[in-house]
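In what follows, a single structure is set out as structure tokens and then discussed.
There are 2 protein chains.
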Amino acid sequence: MIIDAKLTKEIASIVGEDNCSTSVADLYTYGFDSSIHHHTPDMVVRPKATSEVSRLVKLASREGIPIVPRGGGTGLCGSAVPIMGGMVMDLTRMNLIKEIRLNDLYCVVQAGVVYDRLNEALAPHKFFFPPSPGSGEACTIGGMVATNASGMRAVKYGATRDYVLGLEVVLADGSVIHVGTNTIKNSSGYQLERFFVGSEGTLGIITEVTLKVAPKPKKAAMVLAAFDRLEDAGSCVSNLISIPLIPSATELMDDICIRAVNKAVKAGLPEVQAVCMIEVDGDPEIVAKELKVVEDVARKSGASTVQISDDSKQMARWTNARKSVMSALSRLGDDLVSVSLADDMAVPISRIPEAVVAFHRIADENHVIVGTYGHAADGNLHTKMLLNPCSEDSWKRGERAVGQIFDAVIQLGGTVTGEHGVGMSKAPYMKKERPDAWGTMLLLKQAMDPKNILNPGKMMQWEGGIIRDLRYPCRDLISK
Amino acid sequence: MIIDAKLTKEIASIVGEDNCSTSVADLYTYGFDSSIHHHTPDMVVRPKATSEVSRLVKLASREGIPIVPRGGGTGLCGSAVPIMGGMVMDLTRMNLIKEIRLNDLYCVVQAGVVYDRLNEALAPHKFFFPPSPGSGEACTIGGMVATNASGMRAVKYGATRDYVLGLEVVLADGSVIHVGTNTIKNSSGYQLERFFVGSEGTLGIITEVTLKVAPKPKKAAMVLAAFDRLEDAGSCVSNLISIPLIPSATELMDDICIRAVNKAVKAGLPEVQAVCMIEVDGDPEIVAKELKVVEDVARKSGASTVQISDDSKQMARWTNARKSVMSALSRLGDDLVSVSLADDMAVPISRIPEAVVAFHRIADENHVIVGTYGHAADGNLHTKMLLNPCSEDSWKRGERAVGQIFDAVIQLGGTVTGEHGVGMSKAPYMKKERPDAWGTMLLLKQAMDPKNILNPGKMMQWEGGIIRDLRYPCRDLISK
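The listed protein sequences correspond, in order, to chains A and R. With this note's numbering applied, the first sequence closes on residue 1120, and no number is skipped along the way. With this note's numbering applied, the second sequence closes on residue 1120, and no number is skipped along the way.
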């Protein structure tokens, strides 16, 4: 046991007995995030304050114990899975919104604040924190910073990184530093507040975040355009952007996703090759004008039907159909579940049609079903693979298809992860994507965490494949 | 001589004889940037390609020769002054706009491309790269990335850092790496493209930049509001932002700046305590609506006169008046020149009035004249100090005032540099501003540049004061 009785007592003296656990149920549960990976930690700790995080890290540094910070556990690639054991540090008790200073266009929150809670607090003041991750009702601001999370609105509003003004971070030796500023502008030394963005807990533990906020648009409206040819949906997006008209969201769904949501949640979407849900927002006059442009461009790009709505109920139905894709895909085939493997690639926007066509070809060649959807206007595509969890062969075909999808994305000038992070699932492919920058990342990791206690074994350090080292419950069942 | 005949020959074989120089005139000239600092380099090199930069850095690494990358030389705090001698690397020959991919919302440029040239290339396509530095007609994109430059429009459009998608960087050992992506979204490992932003050539030499571009607003219009009380101008800005209405620019000028431009360029501005030039931009309908709101808020905030214009000539006159401040201040008093010392502090937006009042008090107490102006809506303030360059006493009073201004800014929760960088002028105060993060910056510098050849002696490494080690020409003249 890496954490013995004496250490357990010391840890309890820091966070309180109720906030550290070695119960089998807790350890098993905290061995998951929302990815397919799993590994049991030795302890779960739930600090309430930065000072507690600092003391825990000092202890871990002294004893050489891995620490894996964890927000809402909504990550899809294993960033919060304690692959080397040690402590999982659940930060959700650090959930204070400390300051909202709208005159100064910023707010200060603890890492464990949930995305939707922050926006609920900002809404009455007509402001918001724009990145809109699909997991907004559960994911934390700290987790969003740690993965540079975004969502539907990045093409118009940017990703988390564009809003991080300052951070409080606990370093690998337990010292606490403050990086960035409370100002909109900052040229005062290295932009460390952006350096920690996307570092997935491997460089330091983010305990507090100063975020820029933006005025909430007064109105939004949507166009649902149906296309008989997938390529036309892609052209529609490119045609809009080159006007230029930047939609606030452009959600693409292919035929498999359409069928899945129509079956599972009776979404009533047109059963065509692809639909695009295009949202525009802003002042009512602009929304009205842009809606007409979007409708016109969609028709000229080959849309077979175009529906328009600014009715909040109708828009919510469309948005919910889109949000249901991930779960609906698991109910498309009887023995199949939808798994997140190659799940958030991004390509240059104009390469979207080629990417989707390539994914379909790869799916066919490997005899797997792949549903493709995503944020077409920012080049970010999700695929979910439908696999039989109890079939070794199904997993193997899936793994092969994942590799080919990532290769296709790199070939198209894209990246293997646009908004979820690297963790374990994408580590081998990040290395492929970044043959020359990878070494610099490792160098910086070693400088920042010489004892390698901060989320070890992830990103550049991950030596396994995607599924080879997978501890998927069904796999354990099969092997028994 | 740090660079002997043999090395000179080797360097000439890399860049060509015409592109390296040890002539006294060149060395003297390249010893300056636009700051008050000066130090003569041992050689000036002007590479044309990344491969040449790489070979030069390899040579410098082998021989332990300092390299100071330089763009347009418009920096105001000594970032491009070769304080330890060695090579100044002028990157302005690397001035290719390599790609403009508007469908994909990005462009790729070499580091030496001038800001205005890039925007001239983007304009016909109705796109632009928004940060608008005052030195836009001369400063380079590489320099802007290296200092996180911005300008008038940051409150609405962000700073350079918010547009950097990818970089090509030559590291301290001469190896070339590519960081970031060609995609709008990226969660693929450490955000190194943002890490190099603001590093002022101390972590690597930026040779190529992939920038996000934005749709150019269709129309702009301006309000010129005159205030008899400086505090009212500050309240006006806060009142606008909390509506929320985010202007595209809000330029504040105090009475000293107003007098200076009225005298020097006959700007014809109202001679009051403060003027605010508030620009709004976007679709014509929105501009018209927002202009009315701005006018109303300005009056309610106590403006004594309010002028409105969407006439391009009138707007250019106002903008030029603002742009003339720096040079006009040098012509306000007979024996005085305007110097950039405490020149681009930023405070939380609502603290602007307190900051300006503090600057005036500090100026009075030290018997120096300080003109204050700046980008009020993003909290970024410029002060220029009017000093007698031939008076030791005048410099000493100036130095004391600078220290007090920086202290006041830190006290107000601000930063000593919002958009120009640290270089030498602000190094002692960055240390004061960042007592706990400073060590991490130094650690990363040491990891990235173990031989300390990349712009050595700057930022965290600067041991001098602001003026103590100053090689200002007049100072040399006095000492003779």
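Heads up, the beta-carbon is just placed ideally off N, CA and C, and yes, glycines get one too. Since the structure is predicted, the reported quantities are computational estimates derived from the model, not experimental observations.
Own chain partners of residue i with C-beta closer than 6 Å, once the 5 adjacent residues on each side are dropped
i: R/Ala-860; result: Glu-919 and Asp-921
i: R/Arg-793; result: Pro-770, Ser-772, Ser-888 and Ala-889
i: A/Ala-1017; result: Val-795, Val-877, Pro-887 and Thr-890
i: A/Tyr-1112; result: Here A/Tyr-1112 scores only 48 on pLDDT, less than 50, and its place in the model is too uncertain to base an answer on.
i: R/Val-1062; result: Met-1070 and Met-1099
i: R/His-1000; result: none
Proximal residues to residue i (C-beta, below 8 Å), its chain only, five neighbours per side dropped
i: A/Ser-1119; result: With a pLDDT of only 46 at A/Ser-1119, under the threshold of 50, the placement of this residue in the model should not be trusted; the figure read from the coordinates follows. Cβ within range, chain order: n/a, list empty.
i: R/Ile-1009; result: Ile-896, Leu-972, Gly-973, Leu-976, Ala-1003, Met-1025 and Leu-1026
i: A/Arg-757; result: Asn-735 and Ile-737
Beta-carbon spacing of residue i, residue j below 7 Å
i: A/Met-724; j: A/Pro-1096; result: yes
i: R/Gly-713; j: R/Ala-720; result: yes
i: R/Gln-947; j: R/Leu-885; result: no
i: A/Ser-944; j: A/Ala-866; result: yes
i: A/Leu-805; j: A/Thr-847; result: no
i: A/Met-862; j: A/Met-955; result: yes
i: A/Gly-1019; j: A/Pro-988; result: yes
i: R/Val-853; j: R/Leu-762; result: yes
i: A/Ala-1087; j: R/Ala-1087; result: yes
i: A/Leu-969; j: A/Ala-907; result: no
i: A/Ser-990; j: A/Ser-941; result: no
i: R/Val-753; j: R/Lys-738; result: no
i: A/Asp-1047; j: R/His-818; result: no
i: R/Tyr-755; j: R/Cys-779; result: yes
i: A/Gly-718; j: A/Met-985; result: no
i: A/Val-870; j: A/Ala-914; result: Note that residue 870 of chain A corresponds to Leu in the displayed sequence, not to Val. Yes.
Spatially closest choice to residue i from the options, by CA coordinates
i: R/Gly-844; options: R/Asn-743, R/Met-862 and R/Ser-701; result: R/Ser-701
i: A/Asp-618; options: A/Gly-973, A/Leu-969, A/Met-966 and A/Asn-879; result: Because chain A in this structure spans residues 641 to 1120, residue 618 of chain A falls outside the shown range and cannot be described.
i: A/Ala-982; options: A/Val-1049, A/Ser-661, A/Ile-992 and A/Ser-949; result: A/Val-1049
i: R/Gly-656; options: R/Val-664, R/Val-912, R/Ser-1065 and R/Leu-696; result: R/Leu-696
i: R/Met-683; options: R/Val-693, R/Met-893 and R/Asp-666; result: R/Asp-666
i: R/Leu-716; options: R/Pro-687, R/Asn-735 and R/His-678; result: R/His-678
i: A/Gly-820; options: A/Asp-813, A/Tyr-746 and A/Tyr-755; result: A/Tyr-746
i: A/Ile-926; options: A/Cys-660, A/Lys-858, A/Ala-900 and A/Ser-815; result: A/Lys-858
i: A/Ala-938; options: A/Asn-902, A/Val-1062, A/Asp-868 and A/Gln-1101; result: A/Asp-868
i: A/Gly-783; options: A/Arg-962, A/Arg-957, A/Ser-882 and A/Thr-732; result: A/Thr-732
i: R/Leu-1083; options: R/Pro-1068, R/Thr-842, R/Val-837 and R/Gly-829; result: R/Thr-842
i: A/Val-785; options: R/Lys-738, R/Glu-808 and R/Tyr-830; result: R/Tyr-830
i: R/Gly-671; options: R/Ser-980, R/Ala-652 and R/Thr-680; result: R/Thr-680
i: R/Glu-760; options: R/Asp-673, R/Thr-648 and R/Lys-856; result: R/Lys-856
i: R/Leu-832; options: A/Lys-1085, A/Gly-814, A/Gly-1104 and A/Ser-1031; result: A/Lys-1085
i: A/Glu-1073; options: R/Ser-828, R/Glu-840, R/Val-685 and R/Ala-645; result: R/Ser-828
i: A/Pro-687; options: A/Glu-703, A/Gly-1011, A/Thr-669 and A/Ser-661; result: A/Ser-661
i: A/Ser-839; options: A/Glu-1039, A/Glu-1005 and A/Arg-710; result: A/Arg-710
Whole-number beta carbon distance between residue j and residue i, since they are thought to touch under 8 Å
i: R/Asn-788; j: A/Asn-826; result: 7 Å
i: A/Val-1122; j: A/Met-729; result: No answer is possible for residue 1122 of chain A: it lies beyond the span of chain A, which begins at 641 and ends at 1120.
i: A/Ile-1045; j: A/Thr-1023; result: 6 Å
i: R/Asn-743; j: A/Ser-949; result: Rounded, the Cβ-Cβ distance is 27 Å, inconsistent with contact.
i: R/Phe-767; j: R/Leu-807; result: Incorrect: roughly 20 Å between the Cβ atoms, too far for contact.
i: R/Gly-1043; j: A/Thr-823; result: With a Cβ gap of about 20 Å, R/Gly-1043 and A/Thr-823 do not count as contacting.
Own chain, CB closer than 7 Å to residue i, minus 5 neighbours either side, in chain order
i: A/Leu-1110; result: Summary for A/Leu-1110: the model assigns pLDDT 49, below 50, so the residue's position carries little reliability; its value from the coordinates is reported in the next sentence. So the list reads Ile-676 and His-677, once near-sequence residues are dropped.
i: R/Glu-994; result: Leu-1052
i: R/Gly-774; result: Gly-791 and Lys-963
i: A/Arg-834; result: Arg-801 and Val-804
i: A/Ile-705; result: Ile-642, Ile-643, Gly-726, Met-727 and Ile-1093
i: R/Val-810; result: Thr-690, Val-693, Ser-694, Val-697, Val-816, Gly-844, Ile-845 and Thr-847
i: A/Asp-1116; result: Per-residue confidence for A/Asp-1116 stands at a pLDDT of 49, beneath the threshold of 50, marking its modelled position as unreliable; the derived number appears in the next sentence. Once the five neighbours on either side are set aside, A/Asp-1116 has no close Cβ partner at all.
Alpha helix (DSSP H) runs contained entirely in the region 821-903 of chain A, provided each spans 4 or more residues: Segments of the alpha helix (DSSP H) lying fully in the region 821-903 of chain A: 832-835 and 870-881.
Every unbroken alpha helix (DSSP H) inside the region 671-711 of chain R [4 residues or more]: 690-703
3-residue-minimum beta strand (DSSP E) runs that sit fully inside the region 1058-1114 of chain A, ordered along the chain: none
Ordered list of alpha helix (DSSP H) runs contained in the region 761-803 of chain R, each at least 4 residues: 781-787 and 794-797
Unbroken stretches of the alpha helix (DSSP H), 4 residues or longer, contained in the region 966-1018 of chain A: Counting only runs of 4 or more, we get 992-1005.
Length-filtered (4 minimum) alpha helix (DSSP H) runs lying within the region 904-975 of chain A: 924-940, 952-963 and 965-969
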